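Remarks on the structure that follows.
Numbering (this note's numbering), first residue to last: 469 to 886.
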């Protein structure tokens with residue numbers, strides 16, 4: 469005879485569990501939203517803080533334009549770095565690769581007088597070959613990326629000195645300098661914005677189109693999750709996020725339109741961010757990157773070509789580093805032997821501040837860009853208030869530590885809530 473355990477859960481306990489389930493679901497949803505959107509909240513708070521400290525100078529049209537141009541090469545590096553970190557690797561050679569490819573472009577354009585499009589193409593190929601060299605040792609020979617890229621940091625810095633002869637080479641052609649420092653021309657004229665003075669109409673239309681793209685993309689993504697029965701945030705919170713994003717984007721666009729229109733390097737960044745966001749979200753190769761970083765053994769057993777994916781990730785990093793090298797050299801109008809010093813650390817910091825996980829498998833391109841902008845705002849804001857360099861380094865170090873600590877805390881809380 470099967471007995472009934474008198475100590476088992478009765479009807480009252482079952483009702484209590486059912487009542488508690490929504491709370492647990494709401495808590496998990498809140499934690500997930502906090503983890504995904506905490507970086508953007510932090511970004512807004514840091515901007516507000518420095519806007520007050522600098523008495524509004526941080527948000528001046530010229531300063532916003534300078535902020536984009538001065539940090540463009542770090543943001544380009546951060547796009548490649550976030551993919552490598554998602555896959556569970558690291559790249560310590562990015563700054564040195566930036567330097568040597570910038571040096572190669574200078575030699576081709578200035579000393580050999582090659583047409584600048586051909587020189588850029590050859591430079592990009594050289595960057596890809598550098599990435600392939602490192603990717604081979606990591607993917608197919610099995611040496612940890614930390615060791616290979618640490619060696620690369622030294623080797624390619626030495627090659628930079630050899631290529632340049634330990635001196636700067638310049639000036640660059642006007643077209644290359646325009647890519648780094650130039651602005652889009654005015655196509656439709658200016659319109660008045662009341663107390664904000666005039667602004668370029670074409671730039672404003674681009675901003676409105678970009679906001680519309682964000683709204684449509686996010687709305688379709690949310691509808692898709694609903695169709696598959698996945699949890700989504702409340703409608704009010706979703707709309708509030710879209711409104712906040714639209715306000716931030718249009719504030720930046722208006723200020724740029726009031727100064728000298730969109731910098732060409734911002735257009736380049738926008739194209740790269742869009743392309744790599746689609747790669748990670750919609751392309752099989754991008755999903756394989758997450759799978760490898762999330763669980764290497766499972767990815768291998770599921771048939772993912774782990775070695776091939778890793779190899780091409782480092783090829784991609786080499787190409788992006790060469791793009792950043794051309795932009796940086798064009799901005800300075802010279803390729804120098806000290807170019808790129810410490811840039812790999814800024815790119816790594818941008819990736820982790822932007823939400824990448826130390827163990828891999830987590831991260832987004834937009835998050836890395838946001839992390840890079842946070843570092844840029846800190847540098848720019850501290851410079852505007854006249855802070856000494858040691859205080860800038862202290863502030864940046866604490867922000868990086870706080871970002872990683874938050875990631876670890878969120879993971880532990882998520883694990884405890886299961």
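Cβ coordinates follow ideal geometry from the N, Cα and C atoms, glycine included. Keep in mind it's a predicted model, so treat the numbers as computed, not measured.
I need the straight-line Cα distance from residue i to residue j, nearest angstrom please.
{"i": "residue 869", "j": "residue 599", "result": "29 Å"}
{"i": "residue 720", "j": "residue 532", "result": "7 Å"}
{"i": "residue 490", "j": "residue 703", "result": "For residue 490, the predicted model reports a pLDDT of 43, less than 50, meaning its position is unreliable; a value from the coordinates is still stated below. Approximately 17 Å, taken between the alpha carbons."}
{"i": "residue 807", "j": "residue 780", "result": "25 Å"}
{"i": "residue 520", "j": "residue 572", "result": "43 Å"}
{"i": "residue 498", "j": "residue 506", "result": "Unreliable placement is indicated for residue 498, whose pLDDT of 49 sits below 50; no coordinate value is reported for it."}
{"i": "residue 493", "j": "residue 546", "result": "Confidence at residue 493 is low in this model, with a pLDDT of 45, below 50, so its placement is unreliable and no value can be given for it."}
{"i": "residue 625", "j": "residue 611", "result": "21 Å"}
{"i": "residue 728", "j": "residue 768", "result": "51 Å"}
{"i": "residue 699", "j": "residue 543", "result": "32 Å"}
{"i": "residue 589", "j": "residue 773", "result": "29 Å"}
{"i": "residue 809", "j": "residue 694", "result": "47 Å"}
{"i": "residue 763", "j": "residue 753", "result": "16 Å"}
{"i": "residue 634", "j": "residue 821", "result": "35 Å"}
{"i": "residue 682", "j": "residue 710", "result": "8 Å"}
{"i": "residue 968", "j": "residue 569", "result": "Past the boundaries of the shown model lies residue 968; the chain is included only from 469 to 886, so the question cannot be answered."}
{"i": "residue 560", "j": "residue 656", "result": "45 Å"}
{"i": "residue 697", "j": "residue 874", "result": "29 Å"}
{"i": "residue 854", "j": "residue 860", "result": "10 Å"}
{"i": "residue 846", "j": "residue 770", "result": "43 Å"}
{"i": "residue 669", "j": "residue 876", "result": "45 Å"}
{"i": "residue 866", "j": "residue 825", "result": "17 Å"}
{"i": "residue 529", "j": "residue 706", "result": "30 Å"}
{"i": "residue 718", "j": "residue 835", "result": "19 Å"}
{"i": "residue 818", "j": "residue 839", "result": "4 Å"}
{"i": "residue 516", "j": "residue 618", "result": "38 Å"}
{"i": "residue 787", "j": "residue 755", "result": "21 Å"}
{"i": "residue 518", "j": "residue 557", "result": "34 Å"}
{"i": "residue 685", "j": "residue 749", "result": "12 Å"}
{"i": "residue 608", "j": "residue 766", "result": "19 Å"}
{"i": "residue 582", "j": "residue 642", "result": "14 Å"}
{"i": "residue 730", "j": "residue 864", "result": "28 Å"}
{"i": "residue 708", "j": "residue 823", "result": "21 Å"}
Tell me, which residues are paired with residue i by DSSP?
{"i": "residue 667", "result": "659"}
{"i": "residue 803", "result": "637"}
{"i": "residue 923", "result": "The question about residue 923 has no answer here: the residues shown for the chain are numbered 469 through 886."}
{"i": "residue 856", "result": "Paired residues: none, contrary to the question."}
Ends of the alpha helix (DSSP H) at residue i?
{"i": "residue 531", "result": "529-538"}
{"i": "residue 625", "result": "613-632"}
{"i": "residue 755", "result": "752-762"}
{"i": "residue 602", "result": "584-603"}
{"i": "residue 722", "result": "703-727"}
{"i": "residue 814", "result": "811-821"}
{"i": "residue 569", "result": "562-574"}
Please tell me whether residue i and residue j are closer than 8 Å, where the distance is taken between their beta carbons.
{"i": "residue 757", "j": "residue 555", "result": "yes"}
{"i": "residue 667", "j": "residue 658", "result": "yes"}
{"i": "residue 816", "j": "residue 621", "result": "no"}
{"i": "residue 797", "j": "residue 574", "result": "yes"}
{"i": "residue 833", "j": "residue 741", "result": "yes"}
{"i": "residue 632", "j": "residue 805", "result": "yes"}
{"i": "residue 650", "j": "residue 584", "result": "no"}
{"i": "residue 541", "j": "residue 715", "result": "no"}
{"i": "residue 605", "j": "residue 616", "result": "yes"}
{"i": "residue 852", "j": "residue 526", "result": "yes"}
{"i": "residue 812", "j": "residue 613", "result": "no"}
{"i": "residue 827", "j": "residue 636", "result": "no"}
{"i": "residue 844", "j": "residue 566", "result": "no"}
{"i": "residue 778", "j": "residue 603", "result": "yes"}
{"i": "residue 841", "j": "residue 511", "result": "yes"}
{"i": "residue 537", "j": "residue 799", "result": "yes"}
{"i": "residue 739", "j": "residue 672", "result": "no"}
{"i": "residue 776", "j": "residue 594", "result": "no"}
{"i": "residue 628", "j": "residue 564", "result": "yes"}
{"i": "residue 509", "j": "residue 785", "result": "no"}
{"i": "residue 751", "j": "residue 596", "result": "no"}
{"i": "residue 522", "j": "residue 849", "result": "yes"}
Comparing the CB of residue i with every heavy atom of the ligand SAH, is any distance shorter than 7 Å?
{"i": "residue 831", "result": "Although the ligand SAH was asked about, the structure shown includes no ligands whatsoever."}
Item to check | Segment contact, 8 Å Cβ cut-off, at least three pairs: the region 689-700 with the region 670-679 | outcome: Too few Cβ pairs lie closer than 8 Å, so no.
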